[in-house]
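Undergrad: Structure below; questions to follow.
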Amino acid sequence: MEYDVVVVGAGPAGSMAAKYASKGGVSVLLIEEHQEIGQKACAGLISTRALDECEIGLGKWIKNRIRGSFIYSPDGTCLTIDGKETKAYVIDRKIFDRELAKQAVRAGANLLVKAKATSLKDGKLDILTQGESLEVHPKIIIGADGLSSGIAKWAGLDKAKKVIGGVQIEGLYDVRDKDFVEVFVGSVAPGFFAWAVPLEDGIARIGLCTTAGPLRHLTNMLKSHPIVSRRYRGSHLDLKVGAIPLGPPERTTAEGTILVGDAAAQVKPTSGGGIYTGALCAKIAGEVAAAAVKEGDVSAKRLAEYEKRWRSAIGRELSIGMRIHEVMERLNDSDFNEVIKTLDDPGILGIISQYGDMDYPSTVVKKLILAKPRLLKLSGIFAKALR
Ligand SMILES: Cc1cc2nc3c(=O)[nH]c(=O)nc-3n(C[C@H](O)[C@H](O)[C@H](O)COP(=O)(O)OP(=O)(O)OC[C@H]3O[C@@H](n4cnc5c(N)ncnc54)[C@H](O)[C@@H]3O)c2cc1C
2 MEYDVVVVGA
12 GPAGSMAAKY
22 ASKGGVSVLL
32 IEEHQEIGQK
42 ACAGLISTRA
52 LDECEIGLGK
62 WIKNRIRGSF
72 IYSPDGTCLT
82 IDGKETKAYV
92 IDRKIFDREL
102 AKQAVRAGAN
112 LLVKAKATSL
122 KDGKLDILTQ
132 GESLEVHPKI
142 IIGADGLSSG
152 IAKWAGLDKA
162 KKVIGGVQIE
172 GLYDVRDKDF
182 VEVFVGSVAP
192 GFFAWAVPLE
202 DGIARIGLCT
212 TAGPLRHLTN
222 MLKSHPIVSR
232 RYRGSHLDLK
242 VGAIPLGPPE
252 RTTAEGTILV
262 GDAAAQVKPT
272 SGGGIYTGAL
282 CAKIAGEVAA
292 AAVKEGDVSA
302 KRLAEYEKRW
312 RSAIGRELSI
322 GMRIHEVMER
332 LNDSDFNEVI
342 KTLDDPGILG
352 IISQYGDMDY
362 PSTVVKKLIL
372 AKPRLLKLSG
382 IFAKALR
């Protein structure tokens with residue numbers, strides 16, 4: 002069984018990379034260690050742009066449409082950001098990931114589920130599938146195997162600069178408005194934030210990411226957060242834990258190897274969203290892999306085209322996002338109260354509603370700095386956080 006390209010991991014990034022490598026005219030094997038695709042812990046909130054990037058359109062995977070957000074400070078002040086039209090979708094990851102895998106197969110990739118990559122040495126990839134060992138010698142391996150990427154380790158590539166733990170339930174919840182997600186900042190989720198993403202009236206995904214004890218913080222939030230505890234009806238249908246890699250490593254390519262998606266920490270540090278960024282980079286990965294195979298040059302030097310192209314597409318946005326994240330994670334509850342109070346101004350909210358972009362948050366930050374000098378008063382808080 003020989004293939005030009007083996008993609009390890011059939012999450013959104015792996016399926017997209019497999020699809021694009023297949024479209025490039027080379028033979029592709031996509032493997033997934035689980036027996037079912039789409040097992041990931043995820044709030045499933047993606048922008049309308051992300052849906053386009055995934056080339057998947059509207060379908061059974063769309064559970065809800067979102068037009069804005071309610072952002073709550075620790076003292077309960079609520080900022081309402083209303084995009085006035087659908088800005089994002091809530092997706093069912095199981096159906097969504099399966100559809101992306103289907104598209105990869107339709108493009109020509111072979112898919113093997115319950116097939117785990119167990120080692121990579123001198124270009125030989127070992128796969129364990131249903132008790133049987135397979136040995137493959139692909140020209141290129143695309144590591145789309147998520148946060149704990151074995152491919153990254155075996156290829157001697159670094160992982161994310163930082164990892165944040167996450168936990169989420171799908172539970173009975175008195176949704177305030179099904180067109181809006183709720184975001185809670187401050188000590189409810191130190192280092193990141195908490196959310197309630199409505200699926201339908203009466204049901205939401207409630208979760209958080211934090212640098213310390215996610216499960217403990219979620220339990221506390223459900224039990225005693227002044228807003229969440231009143232809306233949560235005390236029962237949930239599932240509980241999923243996960244983690245988010247932040248800050249891509251210096252290199253995401255090596256001889257015959259490319260990393261993509263969470264394996265390359267191609268995740269937005271402000272929101273933890275990785276579906277849009279992963280899909281965008283995976284297309285480049287698939288294209289470059291196919292071209293390199295056809296040229297008969299899979300050296301790290303040749304594959305550097307991938308590195309260059311994905312960094313020029315989103316590298317700057319990710320590093321600005323990382324700086325914003327580093328400031329935000331150091332704010333205490335009274336800082337957050339002050340920030341939200343300052344942003345609670347019709348002119349400022351108008352700018353956020355108009356220019357807010359969950360994939361490119363730097364756009365609205367720049368607009369706000371230029372248009373609202375009164376925001377300079379927050380610079381003291383941010384400067385203190387950076388000390
Ligand atoms: C709590 C939480 C909430 C999130 N919410 C959002 C959100 O609302 N919006 C958003 O855009 N992003 C969100 N994310 C991030 C998003 O889930 C990831 O960025 C995205 O799934 C990354 O896709 P991927 O294909 O790179 O990796 P993954 O989806 O992790 O897929 C990797 C795949 O590789 C497989 N694999 C691993 N090792 C092997 C192996 N050795 N052999 C074979 N297969 C292997 C795994 O089983 C898995 O299927 C969230 C993450 C968490 C933890």
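Numbering-wise (the working numbering), the sequence shown opens with residue 2 and increments by one.
By construction, the Cβ of each residue, glycine as well, lies at the ideal position given by its N, Cα and C atoms.
As the structure is a prediction and not an experimental result, all values here were calculated from the model.
#1: Under three-state DSSP, which class holds Y356?
#2: When the distance is taken between beta carbons, is S74 closer than 8 Å to I341?
#3: Is G208 near ligand 1, in the sense that its beta carbon is under 7 Å from a heavy atom of that ligand?
#4: Closest by CA to S300, which one among Y174, I141, Y4?
#5: Using a C-beta cutoff of 8 Å, does A14 count as contacting chain B?
#6: Per DSSP, N221 forms a beta bridge with which residues?
#7: Do you know whose CA, among S363, A293, S23, N338, lies nearest I315's CA?
#8: Quick one: does the C-beta of V137 sit closer than 7 Å to a heavy atom of ligand 1?
#9: Nearest to K103 by alpha carbon, out of S149, E86, I32?
#10: Assign R66 to one of three DSSP states: helix, strand, or coil.
#11: Less than 7 Å separating the Cβ of E296 from some heavy atom of ligand 1?
#12: Please confirm whether G77 and I228 have their CB atoms less than 8 Å apart.
#13: Assuming H237 is part of the beta strand (DSSP E), what are its boundary residues?
#14: Using only CA atoms, which one of L52, A22, A118, P139 lies nearest to E133?
#15: Might you give, ordered along the chain, the residues of its own chain that have their beta carbon closer than 8 Å to the beta carbon of V365, omitting 5 neighbours on each side?
#16: Assuming T87 contacts T49 under a Cβ cut-off of 8 Å, what Cβ separation, rounded to an integer in Å, is found between them?
#17: Cβ-heavy atom distance between G243 and ligand 1 below 7 Å?
#18: Could you check the C-alpha separation between A116 and E3 for me, to the nearest Å?
#19: Just the Cα atoms here: how many angstroms apart are D345 and A372?
#20: Report buried or exposed for K269, applying the criterion of at least 16 other Cβ atoms within 10 angstroms of its Cβ.
#21: From which residue to which residue does the beta strand (DSSP E) around V106 run?
TA: So, from the listed chains and residues:
#1: The residue labelled residue 356 in the question sits at position 355 within the sequence shown. Residue state, collapsed to three classes: helix.
#2: Working through the sequence shown from its first residue, we reach residue 341 at position 340. Working through the sequence shown from its first residue, we reach residue 74 at position 73. Result yes, Cβ atoms of I341 and S74 sit closer than 8 Å.
#3: If you number the sequence shown from 1, residue 208 lands on position 207. Result yes, Cβ under 7 Å from ligand 1.
#4: The residue given as residue 300 occupies position 299 in the sequence shown. Ranking Y174, I141, Y4 by Cα distance to S300 puts I141 first.
#5: Included in the structure is just one protein chain, with no chain B present.
#6: The residue labelled residue 221 in the question sits at position 220 within the sequence shown. BP columns for N221 are empty, so no partner.
#7: Here the question's residue 315 lines up with position 314 in the sequence shown. Comparing Cα positions, the closest option is S363.
#8: Here residue 137 corresponds to residue number 136 of the sequence shown, with the count starting at 1. Incorrect: V137 has no Cβ contact closer than 7 Å to ligand 1.
#9: On the sequence shown, position 102 is the one that residue 103 refers to. For the residues S149, E86, I32, the minimum Cα distance to K103 belongs to I32.
#10: What you label residue 66 is simply residue 65 of the sequence shown in a count that begins at 1. R66: strand per DSSP, three-state reduction.
#11: If you number the sequence shown from 1, residue 296 lands on position 295. False, no ligand heavy atom lies under 7 Å from that Cβ.
#12: Along the sequence shown, one-based indexing puts residue 77 at 76. Along the sequence shown, one-based indexing puts residue 228 at 227. It is a contact, given that the beta carbons lie within the stated cut-off.
#13: Your numbering for residue 237 matches position 236 in the sequence shown. Here the beta strand (DSSP E) through H237 covers 233 to 247.
#14: Numbered from its first residue, the sequence shown carries residue 133 at position 132. Minimum Cα distance to E133 is reached at A118.
#15: As a first step, residue 365 is located in the sequence shown; it is residue number 364 there, counting from the start. The residues are I352, I353, Y356, G357, D358.
#16: Translated into positions along the sequence shown, residue 87 becomes position 86. Translated into positions along the sequence shown, residue 49 becomes position 48. Rounded, the Cβ-Cβ distance is 6 Å, consistent with contact.
#17: Position 242 of the sequence shown, counting from 1, holds the residue named residue 243. Yes; taking the cut-off as 7 Å, the Cβ of G243 has a heavy atom of ligand 1 nearer than that.
#18: If you number the sequence shown from 1, residue 116 lands on position 115. If you number the sequence shown from 1, residue 3 lands on position 2. Roughly 15 Å separates the two Cα atoms.
#19: Taking the first residue of the sequence shown as position 1, residue 345 is located at position 344. Taking the first residue of the sequence shown as position 1, residue 372 is located at position 371. Distance between the alpha carbons of D345 and A372: 15 Å.
#20: The residue you call residue 269 lines up with position 268 of the sequence shown. With 16 or more other Cβ atoms within 10 Å, it is buried.
#21: Residue 106 sits at position 105 when you count from the first residue of the sequence shown. Not the beta strand (DSSP E): V106 falls in the alpha helix (DSSP H), residues 94 to 107.
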